[in-house]
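Student: In terms of the numbering used here, the sequence shown opens at residue 21 and continues consecutively. A virtual CB, placed ideally from N, CA and C, is assigned to each residue, including glycine. Take a look at the following structure, please.
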Amino acid sequence: MHRVSSTFGDRLPSHGLLLLRVIVAITLIARCVQLVNGASLQTITPHVLAAGFGLFVLFGLWTSVAGAVVAIIELFIAFSHNHDPWLSVLLASVGVALALLGSGNWSVDARRSGWKRIEIRHPDN
Numbered sequence: 021m022h023r024v025s026s027t028f029g030d031r032l033p034s035h036g037l038l039l040l041r042v043i044v045a046i047t048l049i050a051r052c053v054q055l056v057n058g059a060s061l062q063t064i065t066p067h068v069l070a071a072g073f074g075l076f077v078l079f080g081l082w083t084s085v086a087g088a089v090v091a092i093i094e095l096f097i098a099f100s101h102n103h104d105p106w107l108s109v110l111l112a113s114v115g116v117a118l119a120l121l122g123s124g125n126w127s128v129d130a131r132r133s134g135w136k137r138i139e140i141r142h143p144d145n
């Protein structure tokens, strides 16, 4: 069975994935908060969706799905809005990376279905 969480151990790669998730989520949420004042509903809706999925990324809940959805939303924002698209392209790229790498050990996904320790006892004991 394929696990939702990453197969990284409890070492530096898992801490790196946590840092990556936190930075992406904070960026998505901060950009949404900046647009709340004075933006039309049509302009802010994709940013609110991205910030919502940013919360999933932050907590490491359904990280593969949330990363893919963030990538799709950010590419939509990059090609449909009149602004500098490079932040959206960067966030879409990192969303794809998170979707491919998983959430790491410091996540809800890892707690739900991550590393399991199975002890096999000898029949003589």
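Quick one: what does DSSP say G122 is sitting in, helix, strand or coil?
Tutor: Note: G122 maps to coil in three-state DSSP.
Student: From W82, P143 and P66, pick the residue whose C-alpha is nearest to that of G124; which is it?
Tutor: If we check each option's Cα against that of G124, W82 comes out closest.
Student: Using a Cβ-Cβ cutoff of less than 6 Å, which residues in the same chain neighbour L95 once the five nearest sequence positions on both sides are dropped?
Tutor: Counting only Cβ-Cβ distances below 6 Å, and skipping sequence neighbours, we find A112.
Student: Got a sec, what are the start and stop residues for the alpha helix (DSSP H) A59 sits in?
Tutor: Run containing A59: none; DSSP gives neither H nor E here.
Student: Only counting the same chain, and skipping five residues up and downstream in sequence, which positions put a Cβ closer than 6 Å to that of I97?
Tutor: For I97, where only same-chain residues beyond five positions count, the Cβ hits under 6 Å are P66 and S108.
Student: Considering G87, what are the terminal residues of the alpha helix (DSSP H) in which it resides?
Tutor: Here the alpha helix (DSSP H) through G87 covers T83 to S100.
Student: On the premise that G74 lies in contact with A91, defined as a C-beta separation below 8 Å, what is that separation, rounded to the nearest angstrom?
Tutor: Wrong, their Cβ atoms sit about 12 Å apart, outside the cutoff.
Student: How many whole angstroms separate the CB atoms of A117 and S84, which I take to be in contact at a CB cut-off of 8 Å?
Tutor: 11 Å between Cβ atoms; not a contact.
Student: Is the separation between the beta-carbon of V42 and that of L78 shorter than 9 Å?
Tutor: yes
Student: Return helix, strand or coil for D104, following the three-state DSSP convention.
Tutor: coil
Student: If you draw a straight line from the alpha carbon of L38 to that of W126, how long is it in whole angstroms?
Tutor: 6 Å
Student: Residues in the same chain with beta-carbon distance under 8 Å from H22, minus the five sequence neighbours each way, listed in chain order, please.
Tutor: Caution applies to H22, whose pLDDT of 48 falls short of 50 and renders its modelled position unreliable; the model cannot decide the point.
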